[in-house]
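Since the structure comes first, as structure tokens, the remarks are kept for the end.
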Amino acid sequence: MSSMTPFERVSVMTHIKSMKLGRYSWLGISYATVLTAFYVLMFVVPFGTAIWLSFHNWDYLQTPVFVGMRNFTRLLSDSGFWSAVKVTAAFSFTEVVIAISLALLLAFALSHLPAISQHSLLFIYNLPVVMPVVASALLWKWLYKPHGGAINALLEVLGVASQPFLYSREQALWCITTMVVWAFLGNTSVVLLAGINEVPVSILEAAKLDGANVWQSFRHVTLPMIQPVLAYQVVSSIIGTVQMFAPFQLMGGPGHSTRTLSLYTYELGFEVLDLGYGAAVSIAMFILLLLATIFELRRRMASWQ
Amino acid sequence: MRTKNYVSRRDFLRLGATAAAGAALTACQPRVITEQVAVTEEVVVKETVVVEKEGETVIEERVVTATPPAQINAEITVWHQDWDGLNRILAWATGAFGEKEPGVDVSLVPIGYGDLVAKLLPAVAAGNEGDVNYLYTDWVSATDISQVFLDITELAGGRSALEERFYPAALTAVDAPEGKVYYYPYISGLTDCVFCLDTDDFSAAGADWEKWADLRVVIEDCKKVTKIDESGKMTHASWSIKSFGGLLAAIMWQLGGTPFDRETSTFKYNSEEGIAALQFLHDIVYEHRLFDWDFVTDYFQDIANDQLSMVNDGAWTYSVFLNNYDLNMAAIPIPMHPDATENVLSPSPIGSWALSKRLSENSAGLDASMAFVDTIMSVDGQLQAMDFYSGSLMSPEVYADPRIEETQYGAVSKRCAEAVWPIARYPLHHVANPQSLYTEIERALTNEISLQEALANVDEQMQGLEDTALERLNQ
């Protein structure tokens, strides 16, 4: 170092200050480390604990008893679990199909309006999204009241017999599904509208010149071109609906008619005090969700590639 | 000289990191325990004494020191259900306690029912629950209560003293080792033990509910109240059996059976008595046609709308009806099954107070917590509830106090409590949430499955939960 000229010394110091590890900077690595530590603490550790717990019998206080695969084999014969799977699948499938179809139609209609109208209408459609889910659930619970509820009052005006809604085993799940579709329609529309607006105008104009009408250009141009956005929306909706908890907890119907996997996990963990089995149910839910996601992504990818 | 008068991105990050590290360190610092040692200062007093001096009796005044009763100095935290009624009682209790024990700082922590269920046991496991905690007894039935709360048996003067102070059955809601007691029983809605009925409906039908000797008479009177139109559609239901878990167990006991055999830890719903009990409930719906699942929805609203006349959901509903609707109601203990060989009723879980096990190492906190619970459980404290709550209290002493008659719901509560508690029984299984019982029995009562299949399912599912709990408890 002593033989270095002042210029060379400054140059070396500058190099040390901005020392790189390969092509990565220390600053970047330190940021990544903090985020990784956060992720490990907030996801990997709880997830690992859930996996560990799923092989035990535990109630918070006693020493956990190792039970091997028993919690998983119990799933196979547990009517409560399969009933929850059915409710979850019915809700998720219906919600995703209805919500995305409606949102797609809405987004397509909005895409034909001037930007200012699009923004104004999206603002209105997004109001339920801004509203806390708890508030929405309680509002709809009031609307669904069998006596004095707004919907039955409307039905009465129309000459239709009043309905039990959330008090009926047959109707409760669909009442909650309706509320969830309403609550998240605006958000889905925004995402799909962004996708539709990204479709190059030149392609749409070319289709128009070839004689395609509005429906045909939507069916054969817009829809194929927004497949990646649609795939994202379908997958995130499936995940969101399977994990949904608050509306079912707050608006739940009689018996097990609206008991989803999330609710069942909660019940097992916090009410039955069977945390090991609750963890096994949550792991099973994770695997089912992962399979559904992979299946949907592969199906969509095959169509857009 | 150039002064740096802007915040660069680097400065911002540095400041942010410093603040975050500071916050993290602050959050991680050990909890400061502010327990204070009870101060017992000696007080100088003069006393007059009679002494004999040289054969003469003289009165002398001399200076002595005396130790006054120790004042407790501590901070206690009370976790309780965020329920308007309980908030009112605790507001009163905190004021009354503050006057008695000015050295104790009481922090009330109201928590919604759902959150309290979910948080209490994890908090106990982590050691950060309240010093005094409100709970319902079924929350701890699947675990070993001796590991959850402090044993209060000796602190409260022994089991027999507790059995004098409270209805003995109220101390048996949870399976506890060696007859120990870990909670102060406080209130119970008496679900499935008390009918709440619209007296106008029964009077109009010529039915005298005061003379109900057994459930057969109840059914006959309910038939007079039920209305079914020409097309066979129900237009007025008389008895909603939407709440049936406790009633089913009670009828089984009355008929000589048992829903749960404690000796063998076996569920026995699928038994001769179980089938008879369930058949009795089934007949209410289909043979006697007193109730229709599609017709009765929200029973409070149904009674208010004159579509229903009676529910068996407990004494607590009486005050809810009267506080919210302009109705003439009565609360009547449920009579026995006509073939009953034993008088038994099965009440709902009990709202209770329990102390943290931490207090065993904090004498000032323990004294303060015990004194606070004593304030809530005092006759004055319990009478507070009777102006808005018609469920049962657990202390015969409160019902013996003449002031009970001056409260709004005291007389009703007293009649129900005195009829139910002497014959009350808890199954003492270790299933914290018997949801499968309700689901399977409802399936039978809606004719989805046969009665026997439902009872067999109940046994199988409840047994699974019981065995899992016992595996933990008996390890």
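Chains as they are written, first to last, in this note's numbering: chain A, 13 to 317; chain B, 5 to 479. Even glycine gets a Cβ: it sits at the ideal position worked out from N, Cα and C.
For B:ALA368, the closest C-alpha among the options B:VAL110, B:ASN327 and B:GLU103 is that of B:VAL110. Linking A:GLN130 to A:LEU205 through their CA atoms gives a straight-line distance of about 9 Å. Per DSSP, the unbroken beta strand (DSSP E) holding B:ILE115 starts and ends at 108-115.
Around B:LEU441, the same chain offers GLY249, VAL462 and MET466 as residues with beta carbons nearer than 7 Å, after the five sequence neighbours per side are excluded. Rounded to the nearest whole angstrom, the CA to CA distance from A:ILE295 to B:GLY183 is 40 Å. Per DSSP, reduced to three states, the secondary structure at A:VAL52 is helical.
With fewer than three CB-CB distances shorter than 8 Å, the stretch 206-224 of chain B does not count as touching the stretch 346-365 of chain B. Under the 9 Å criterion on CB atoms, B:GLU475 is classed as interfacial with respect to chain A. Within the stretch 39-116 of chain A, complete alpha helix (DSSP H) segments of at least 4 residues are found at 57-65 and 82-89, given in chain order.
For the stretch 404-437 of chain B, the set of positions with a beta-carbon nearer than 8 Å to some beta-carbon of chain A reads VAL435, ALA436 and ASN437 in chain order. Taken atom to atom, the span from the alpha-carbon of A:ILE208 to that of B:LEU94 is near 59 Å.
Less than 9 Å separates the beta-carbon of B:ASN137 from that of B:PHE153. Residue-level contact check: A:ASN69 touches chain B, since one or more beta carbons of chain B fall below 9 Å from its beta carbon. The beta-carbon distance between B:SER145 and B:VAL185, rounded to whole angstroms, is 15 Å. This is too long to meet the 8 Å contact definition. Counting only unbroken stretches of 4 or more residues, the alpha helix (DSSP H) elements lying wholly within the stretch 199-270 of chain A are 213-221, 226-229, 239-255 and 258-263, in sequence order.
Here B:PRO189 really is in contact with B:ILE354; their C-beta atoms are around 5 Å apart, less than 8 Å. Sorting B:MET390, B:SER275, B:CYS226 and B:VAL300 by C-alpha distance to the C-alpha of B:GLU457 places B:SER275 at the top.
Per DSSP, B:GLU79 is one residue of the beta strand (DSSP E) stretching across 78-85. For B:ALA254 and B:MET398, the gap between their C-alpha atoms comes out near 20 Å.
Between B:PRO114 and B:LEU90, the C-beta spacing is below 9 Å. Remark: three or more beta-carbon pairs, one from each stretch, lie closer than 8 Å, so the stretch 174-182 of chain A and the stretch 251-271 of chain A are flagged as touching. Of all residues in the stretch 294-320 of chain B, those with a C-beta nearer than 7 Å to a C-beta of chain A are ASP298, THR301, ASP302, GLN305 and ASN309, reading in chain order. DSSP places B:TRP320 in no beta strand (DSSP E) but in the uninterrupted alpha helix (DSSP H) bounded by 320-328. Around A:ASN199, the same chain offers ASN138 and VAL141 as residues with beta carbons nearer than 8 Å, after the five sequence neighbours per side are excluded.
Exclusion of the five residues before and after A:ILE163 leaves LEU155, TYR156, GLN175 and PHE177 as the residues of its chain whose Cβ lies within less than 8 Å of its Cβ. Contact check between the stretch 386-394 of chain B and the stretch 162-177 of chain B: fewer than three CB pairs, one atom from each, fall below 8 Å, which does not count as touching. Here B:HIS433 carries a coil assignment [DSSP, helix/strand/coil].
Taking one beta carbon from each stretch, the stretch 372-380 of chain B and the stretch 191-205 of chain B have fewer than 3 pairs nearer than 8 Å; the two do not touch.
Under the rule that a run must span 3 or more residues, the beta strand (DSSP E) segments found entirely inside the stretch 237-310 of chain B read 238-244. Membership of B:ASP378 in the alpha helix (DSSP H) is indicated by the continuous run 367-381.
Residue environment analysis places B:ASP212 among the exposed positions, since fewer than 16 neighbouring C-beta atoms fall within 10 angstroms of its C-beta. For A:GLU279, the nearest beta carbon of chain B is closer than 9 Å to its own beta carbon.
Pairwise C-beta distances place the stretch 257-275 of chain B out of contact with the stretch 316-326 of chain B, as fewer than three of them are shorter than 8 Å. Looking at A:ALA224, A:VAL202 and A:PHE230, the one whose alpha-carbon comes closest to that of A:VAL211 is A:PHE230. Inter-residue distance for A:ALA115 and A:MET237 is about 16 Å (C-alpha atoms, whole angstroms).
Exposed is the label assigned to A:GLY60, since fewer than 16 other Cβ atoms lie within 10 Å of its Cβ.
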